[in-house]
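As structure tokens, the structure follows; a few thoughts come after it.
There are 4 protein chains.
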Amino acid sequence: MDFSPSPRAAELTDAVRSFIRDEIAPVEDALQLRQAEARRAGGEVDLWQVPREMHELRRKARRQGLWNLFLPAGHEGPYAERFGTRGGTGLSNVDYAPIAEATGWSFLAPYVFNCNAPDTGNAEVLLRYGSQEQKDRWLDPLLEGRIRSAFAMTEPGVASSDATTMQLTAVVEGDDVVLNGRKWWTTGIGHPDCEILLVMGLTDPDAPKYARHSMVLVPRDTPGVKVERMLDTMGFLDEPFGHGEVSFTNVRVPVSNIVAGPGRAFEIAQGRLGPGRVHHAMRMIGLAERALRLACERGLARTAFGQPLADLGGNRERIAEARIAIDSARLLILNAAWKLDTVGAAGALSEVSAIKVAAPQVAQQVIDFAMQIHGGAGLSSDFPLAGAWTAARAVRLADGPDEVHKGVVARIELGRHGAAR
Amino acid sequence: MDFSPSPRAAELTDAVRSFIRDEIAPVEDALQLRQAEARRAGGEVDLWQVPREMHELRRKARRQGLWNLFLPAGHEGPYAERFGTRGGTGLSNVDYAPIAEATGWSFLAPYVFNCNAPDTGNAEVLLRYGSQEQKDRWLDPLLEGRIRSAFAMTEPGVASSDATTMQLTAVVEGDDVVLNGRKWWTTGIGHPDCEILLVMGLTDPDAPKYARHSMVLVPRDTPGVKVERMLDTMGFLDEPFGHGEVSFTNVRVPVSNIVAGPGRAFEIAQGRLGPGRVHHAMRMIGLAERALRLACERGLARTAFGQPLADLGGNRERIAEARIAIDSARLLILNAAWKLDTVGAAGALSEVSAIKVAAPQVAQQVIDFAMQIHGGAGLSSDFPLAGAWTAARAVRLADGPDEVHKGVVARIELGRHGAAR
Amino acid sequence: MDFSPSPRAAELTDAVRSFIRDEIAPVEDALQLRQAEARRAGGEVDLWQVPREMHELRRKARRQGLWNLFLPAGHEGPYAERFGTRGGTGLSNVDYAPIAEATGWSFLAPYVFNCNAPDTGNAEVLLRYGSQEQKDRWLDPLLEGRIRSAFAMTEPGVASSDATTMQLTAVVEGDDVVLNGRKWWTTGIGHPDCEILLVMGLTDPDAPKYARHSMVLVPRDTPGVKVERMLDTMGFLDEPFGHGEVSFTNVRVPVSNIVAGPGRAFEIAQGRLGPGRVHHAMRMIGLAERALRLACERGLARTAFGQPLADLGGNRERIAEARIAIDSARLLILNAAWKLDTVGAAGALSEVSAIKVAAPQVAQQVIDFAMQIHGGAGLSSDFPLAGAWTAARAVRLADGPDEVHKGVVARIELGRHGAAR
Amino acid sequence: MDFSPSPRAAELTDAVRSFIRDEIAPVEDALQLRQAEARRAGGEVDLWQVPREMHELRRKARRQGLWNLFLPAGHEGPYAERFGTRGGTGLSNVDYAPIAEATGWSFLAPYVFNCNAPDTGNAEVLLRYGSQEQKDRWLDPLLEGRIRSAFAMTEPGVASSDATTMQLTAVVEGDDVVLNGRKWWTTGIGHPDCEILLVMGLTDPDAPKYARHSMVLVPRDTPGVKVERMLDTMGFLDEPFGHGEVSFTNVRVPVSNIVAGPGRAFEIAQGRLGPGRVHHAMRMIGLAERALRLACERGLARTAFGQPLADLGGNRERIAEARIAIDSARLLILNAAWKLDTVGAAGALSEVSAIKVAAPQVAQQVIDFAMQIHGGAGLSSDFPLAGAWTAARAVRLADGPDEVHKGVVARIELGRHGAAR
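Quick mapping for you: the protein sequence lines, in order, are chains A, B, C and D.
Quick note on our numbering: the first sequence kicks off at 268 and runs consecutively.
Quick note on our numbering: the second sequence kicks off at 268 and runs consecutively.
Quick note on our numbering: the third sequence kicks off at 268 and runs consecutively.
Quick note on our numbering: the fourth sequence kicks off at 268 and runs consecutively.
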């Protein structure tokens with residue numbers, strides 16, 4: 268139960284924090300204003316283009332080896348070394364956790380460090396399950412930062428919290444696999460560099476429930492792939508990544524594009540999500556810490572009824588509750604990371620589902636308080652709080668709603684007392 | 268304690284409900300899609316223009332006398348009759364409450380019926396405190412629907428929850444009053460028909476605390492009035508009304524533009540807010556009812572893990588909690604309305620503050636559940652839930668944050684036991 | 268939707284309040300100390316005897332006609348007049364509600380006014396479903412106050428929240444009905460005057476689910492009825508009424524002791540519970556009001572860190588939340604009472620279940636806060652708060668747990684949208 | 268951040284768990300029934316006597332070296348060795364934490380292992396601040412298990428959450444210190460072996476605020492010490508330890524009985540509470556785990572509406588929430604323990620206050636759910652849940668109410684942003 272980062276991880280965390288504070292934050296503030304202005308004005312700025320400053324930040328991060336830090340220890344083969352991670356090897360989950368928290372302070376940081384979803388998860392899938400050919404073709408440029416990827420699982424017509432209901436077909440016809448159907452919340456598809464989609468499709472409806480679906484690599488420009496529209500999350504389009512509704516009409520790719528072979532989508536999806544959930548959850552902690560800092564600063568700086576806001580009513584109690592909730596959630600996540608590192612994903616199912624539930628809930632609560640203490644300003648684009656809240660809200664649904672994850676935790680708990688399911 | 272609407276009010280409520288269902292809803296759905304599309308596309312559609320269909324709906328509503336229904340019984344003089352309210356007289360708060368709830372089902376309805384904030388509150392101010400000249404000049408066209416108004420109180424530089432801190436100056440110089448300073452969250456200023464601003468300014472810093480400020484009528488086109496930018500609420504600009512940050516630089520208007528004379532801003536603001544809070548709160552109930560309906564429909568229509576979503580986990584409990592919370596809050600509001608009708612604003616301070624706290628909280632809770640049961644769709648523009656949630660969130664700050672209103676309720680409660688404040 | 272009590276009910280409420288304040292409260296305080304002392308000392312005082320002062324209070328209440336006020340309008344025949352209710356007729360639910368709230372301020376008042384559970388519910392059963400012979404034999408002395416009764420439904424071996432699982436048998440053999448089995452939480456059986464039990468038993472296991480059970484009147488002294496032990500609720504035995512675990516061994520009574528005939532227990536139980544739940548819920552409101560008063564008084568009287576406790580941290584917010592929650596719950600109950608009066612129990616199912624959920628929850632929350640602001644004293648017998656909390660906690664289970672009632676509310680809500688169940 | 272127990276601590280934890288399961292649990296169940304029966308019957312059994320079985324258990328525990336395990340590493344001098352702790356040295360907070368959790372599963376275990384409050388805290392005070400003479404006279408027999416002690420701090424007349432308000436005087440007169448005043452919630456004074464009281468008294472009202480009070484060792488049989496009555500906590504007297512209201516009338520002891528000299532009570536109280544709060548908090552975790560186990564077992568064993576209770580409504584969600592909350596709180600406590608071990612009490616103020624708030628809250632929530640799923644049985648003495656809930660409730664007030672501890676956490680948090688207090 269040792270949650271301490273290794274010296275190297277501690278050093279990397281410091282470097283990431285400094286980079287965010289010194290390099291990213293000034294750009295982020297300027298960009299945020301520019302983008303808010305662009306949204307107000309309509310049309311003049313194309314938010315779907317990656318701003319020039321971002322390219323520069325990415326180059327700088329890469330030069331410092333703050334690059335692909337998400338690569339997992341033990342699975343990365345030569346990739347961490349080949350693609351520029353400082354130290355040249357992947358990190359354990361416990362080691363990457365504080366780095367993920369640090370990147371949660373900034374909306375831009377994950378991309379700057381080439382550590383953003385869904386590319387991280389997609390890269391991990393390729394790393395663990397991809398053929399050498401698949402790796403060469405897509406993993407290398409992803410880690411290089413030359414291309415982006417998207418992940419297409421959720422469908423508009425079914426309750427996607429039960430992934431066995433997915434209906435898009437991925438039928439093997441000779442040497443090809445042919446996809447027909449519709450996905451949405453295909454995250455990352457709006458990015459100008461997006462070149463590859465990881466698509467979950469139904470291959471064999473007669474197979475056992477969890478062996479029916481395949482995970483298929485579909486190049487973005489394959490005929491029949493059409494982005495019908497981009498979806499917003501509570502008003503935010505999350506440019507330049509975005510979430511697309513995508514139709515697949517007789518989309519034909521070689522059968523060798525199926526990752527790990529037909530029928531293994533569930534196995535892959537599970538493996539993909541463990542560390543990813545630690546990343547997400549720790550970013551939520553970073554977000555919550557930032558919100559608490561803003562709340563304290565505002566609470567001390569502004570005065571009403573003759574007192575600093577922080578001293579009015581229940582505000583100090585809420586600050587304490589925020590600190591307690593954040594620290595509790597962080598420790599819960601570190602524990603899940605440590606379980607992943609020591610016993611693997613299969614032994615950490617309950618722990619990983621637990622953080623999926625707890626982290627966004629804590630973040631939402633703290634951010635909501637921070638918004639409230641900021642008054643109207645807290646809801647506006649002058650502060651990152653509205654965006655932060657929306658991000659946390661979305662995480663309560665992304666990768667499975669709270670309710671499904673609570674179901675997992677309860678199933679394992681009751682299983683200890685003999686329940687069959 | 269009779270909360271039953273009068274027969275006339277019941278008839279009006281039915282008419283409003285039918286009008287919303289038959290006339291407004293189809294337009295609203297189409298407009299929402301068009302606007303979401305416009306936001307995605309950027310720039311082609313000017314969301315700050317009132318869509319053609321809206322003009323038509325307003326004409327139709329007016330012809331049916333579903334117009335200015337907010338006008339309060341007993342204060343409206345000949346206005347309800349002159350400006351087309353069916354029945355020709357104003358309504359009590361208890362009578363208007365179910366109408367307000369009905370309009371809460373639609374984002375467009377309040378404007379269609381000429382019953383939208385901040386125009387209703389501004390009209391009430393003019394009705395109760397305005398000189399005949401002020402009424403003729405601004406109240407008539409407001410009730411006619413020819414012009415719109417804005418309300419400028421909150422300031423960016425101070426904690427506006429304590430309104431005594433307002434710093435914009437409104438200095439009487441001879442026959443003029445001169446305004447200098449900056450406001451934000453000036454709601455309504457974006458509307459193309461906005462012609463008049465109600466501005467709260469500091470006139471006499473040496474007067475007793477609650478007699479320092481004045482409420483000034485400032486025509487929108489007065490030199491020195493500048494909209495610096497429009498503010499968003501969690502990504503929503505609330506076009507075509509909008510919330511502006513407005514600078515006032517040597518803005519000079521006749522002293523006769525001060526409502527009720529210098530130093531009476533607090534008195535006016537208090538009088539303005541009682542019925543307005545009932546309206547807001549009942550609209551929150553309508554919003555919550557709509558969200559609950561959507562949640563039930565989705566919960567029955569979609570299936571996961573072999574069961575309707577409604578039957579999974581704690582969903583039925585949440586549906587019950589939503590019903591209980593909505594009904595409790597509605598009754599609390601009706602009680603506040605009844606107190607306003609029977610003992611007046613001064614005797615209903617606690618009750619009005621209570622609904623200001625309770626209503627948006629209930630709405631938020633129910634809408635959040637509805638979003639969750641919709642999955643990703645619930646966060647998107649395909650459903651009105653994200654907008655509804657944001658509206659409810661904003662109400663927790665608008666017209667004073669929750670915390671200030673809880674302070675009022677506690678002060679009155681403790682006063683019953685001898686507390687001095 | 269008129270929740271105002273009639274003038275007679277208002278007058279009775281005032282009389283009840285005065286009687287509690289002037290007559291009962293002094294006795295109650297003295298008794299509470301004596302009983303706490305008795306519990307500490309062990310054995311000297313028999314808490315299962317009705318204290319002498321209680322007899323005197325009951326005589327006085329009866330002389331003033333504050334007696335059997337629970338008798339329902341329209342069903343009471345000549346009983347209200349014959350047995351001393353001031354005004355001589357029963358009261359509607361809306362009229363009785365404020366009286367029930369008033370009695371909630373005191374643990375003794377319900378018994379003093381001959382309005383205590385389970386006698387009220389048992390009397391209602393006899394009134395509505397009893398034969399004339401049953402009424403003459405048991406209802407008259409109950410209303411007279413000469414005997415007490417008990418209610419035996421819950422069983423130790425099954426999940427009694429699903430009452431169809433009850434296993435005690437009540438088999439018709441010729442002119443007799445023979446009972447065998449075990450009940451617990453048989454409330455009232457400890458009272459020295461308890462002479463009659465209302466027992467729910469399984470008569471015909473092959474009948475339709477809700478027609479299998481009968482409600483049988485069993486005299487306390489029938490051979491085979493044995494109180495195995497008295498049960499405590501969080502340490503409280505609720506003397507002198509108490510809750511017994513009772514075994515029934517070949518208990519034989521005439522078949523004419525079955526209320527309304529075999530197989531009608533569910534119908535009777537439902538009819539029994541509607542008004543009773545209004546009474547319970549309003550008593551919870553009285554309890555919560557008393558707790559809030561104590562909290563305010565303590566909050567103003569005690570000082571820490573240089574300020575009255577009421578002004579520290581979030582205490583004022585909690586006082587406001589308590590006021591809002593109490594008022595909301597009271598209105599919800601009045602609405603349920605009004606529905607019962609106007610459309611009857613069948614049309615008020617959801618409303619009655621809603622108050623069963625909401626009222627004890629609000630009471631618990633307010634009492635918990637009051638305990639907290641009292642410090643250690645709040646948990647001790649020096650204040651009525653610990654007993655009040657326990658009473659509210661027990662109501663969350665008595666007459667069906669929260670969860671079952673939420674299920675009813677959800678079923679009706681979903682039914683509006685087409686759900687079959 | 269290594270929360271793993273040492274091999275020795277792990278071995279001790281296993282031994283403690285086995286001892287509780289095999290030796291204590293059977294006795295505890297039997298005793299609980301006997302005591303519940305005694306309370307019902309009144310008077311025959313003297314609950315203030317230590318049952319014979321307890322003496323036997325204590326002897327057995329001591330023989331196995333499961334004795335005085337609470338003794339802190341580094342401060343225990345030769346005591347752990349002299350008084351029988353297996354391994355002969357004290358344990359770090361991280362090492363003792365899982366042992367404390369294990370003892371939380373049983374109400375008797377802390378006493379059986381000679382690790383019960385307030386004796387542990389009092390022993391620590393003597394260990395750290397006592398003179399050799401004080402240690403010889405009272406610490407040795409305490410660790411030996413021959414005597415018990417009490418702690419007298421809270422007073423009935425003041426808000427004891429602000430300990431500077433304590434009014435009992437402890438005036439130095441020549442070679443004596445003379446105590447006059449009244450304490451309550453003097454825990455431990457009811458025990459037949461109680462021989463020594465640690466009393467906080469006001470010595471110099473003119474000294475700086477935190478240097479006015481002294482901590483005085485007062486033998487139980489000193490003339491003028493009178494137990495006025497024993498106090499109950501929500502009906503529980505916590506025999507045979509109990510909480511007394513104690514008057515001190517001209518109680519005269521040698522000035523050498525002042526621990527560490529006059530005016531140092533606050534310093535001592537602070538030092539006393541750090542590890543003690545870890546113990547309390549971890550016992551809360553043990554209690555919560557036990558409640559969750561009971562809830563799962565009952566939820567699987569009982570059926571209603573055709574399904575195991577665990578599968579009804581939101582029960583699985585609540586099981587998951589319980590698991591998440593317990594694990595979060597445990598980690599938070601381990602972190603506080605680790606801070607205490609690595610940076611000391613002064614550096615762990617916020618962490619220790621945080622667990623004081625979080626642990627009983629989690630325990631209450633989980634126990635309340637467990638009670639609910641047990642139905643009426645959950646509130647009765649047939650299960651340990653009612654007692655467990657009450658214990659958790661009391662911890663929210665003991666050693667300072669939640670609100671005071673939130674104040675500490677907030678003060679430290681705001682201090683990081685420059686707040687002066």
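Note that the Cβ used here is the ideal one computed from N, Cα and C, for glycine as well.
In its own chain, which residues sit with a C-beta less than 8 Å from the C-beta of residue i, not counting the 5 before and 5 after it?
| i | result |
| --- | --- |
| Thr-436(C) | Val-445, Leu-446, Asn-447, Gly-448, Gly-468, Leu-469 and Thr-470 |
| Asp-386(B) | Leu-409, Arg-415, Ser-416 and Gly-455 |
| Arg-413(B) | Asp-460 |
| Ala-426(B) | Thr-432 |
| Ile-287(D) | Ala-369, Thr-370, Trp-372, Ser-373 and Ala-376 |
Using a threshold of 8 Å, state whether the C-beta atoms of residue i and residue j are closer than that.
| i | j | result |
| --- | --- | --- |
| Pro-507(B) | Gln-631(B) | no |
| His-641(A) | Arg-585(A) | no |
| Phe-374(D) | Gly-654(D) | yes |
| Arg-660(D) | Thr-370(D) | no |
| Ala-561(C) | Ala-637(C) | The sequence shown places Leu at residue 561(C), rather than the Ala named in the question. A contact, by the Cβ cut-off of 8 Å. |
| Leu-598(A) | Pro-542(A) | no |
| Ala-604(A) | Asn-360(A) | yes |
| Ala-665(A) | Ala-626(A) | no |
| Val-619(C) | Ile-593(C) | no |
| His-342(C) | Leu-394(C) | yes |
Ordered along the chain, which non-local residues of its own chain (more than five positions away) have a Cβ less than 6 Å from that of residue i?
| i | result |
| --- | --- |
| Arg-330(C) | none |
| Phe-503(C) | Thr-657 |
Skipping 5 residues on each side, what residues in its chain have a beta carbon closer than 7 Å to that of residue i?
| i | result |
| --- | --- |
| Thr-352(B) | Gly-332, Trp-334, Asn-335, Leu-336 and Leu-338 |
| Asn-383(C) | Pro-377 |
Tell me whether residue i, by its Cβ, gets closer than 7 Å to a heavy atom of the ligand GTP.
| i | result |
| --- | --- |
| Leu-333(B) | Absent from the structure shown: the ligand GTP. Ligands present: none. |
Mapping the DSSP letters down to three states, classify residue i as helix, strand or coil.
| i | result |
| --- | --- |
| Glu-506(C) | coil |
| Asn-360(B) | helix |
So the beta strand (DSSP E) residue i belongs to, where does it begin and stop?
| i | result |
| --- | --- |
| Ser-481(A) | 480 to 486 |
| Leu-338(B) | No beta strand (DSSP E) holds Leu-338(B); DSSP gives it neither H nor E. |
| Thr-453(D) | 443 to 454 |
For residue i, report the span of its alpha helix (DSSP H) as first-last.
| i | result |
| --- | --- |
| Lys-476(D) | Note, Lys-476(D): premise wrong, no alpha helix (DSSP H); not H, not E. |
Go through the stretch 553 to 610 of chain C residue by residue and report every complete run of the alpha helix (DSSP H) that reaches 4 residues or more, in order.
-> 582 to 610
Ranges of the alpha helix (DSSP H) found wholly within the stretch 382 to 411 of chain A, counting only runs of at least 4 = 386 to 396 and 407 to 411
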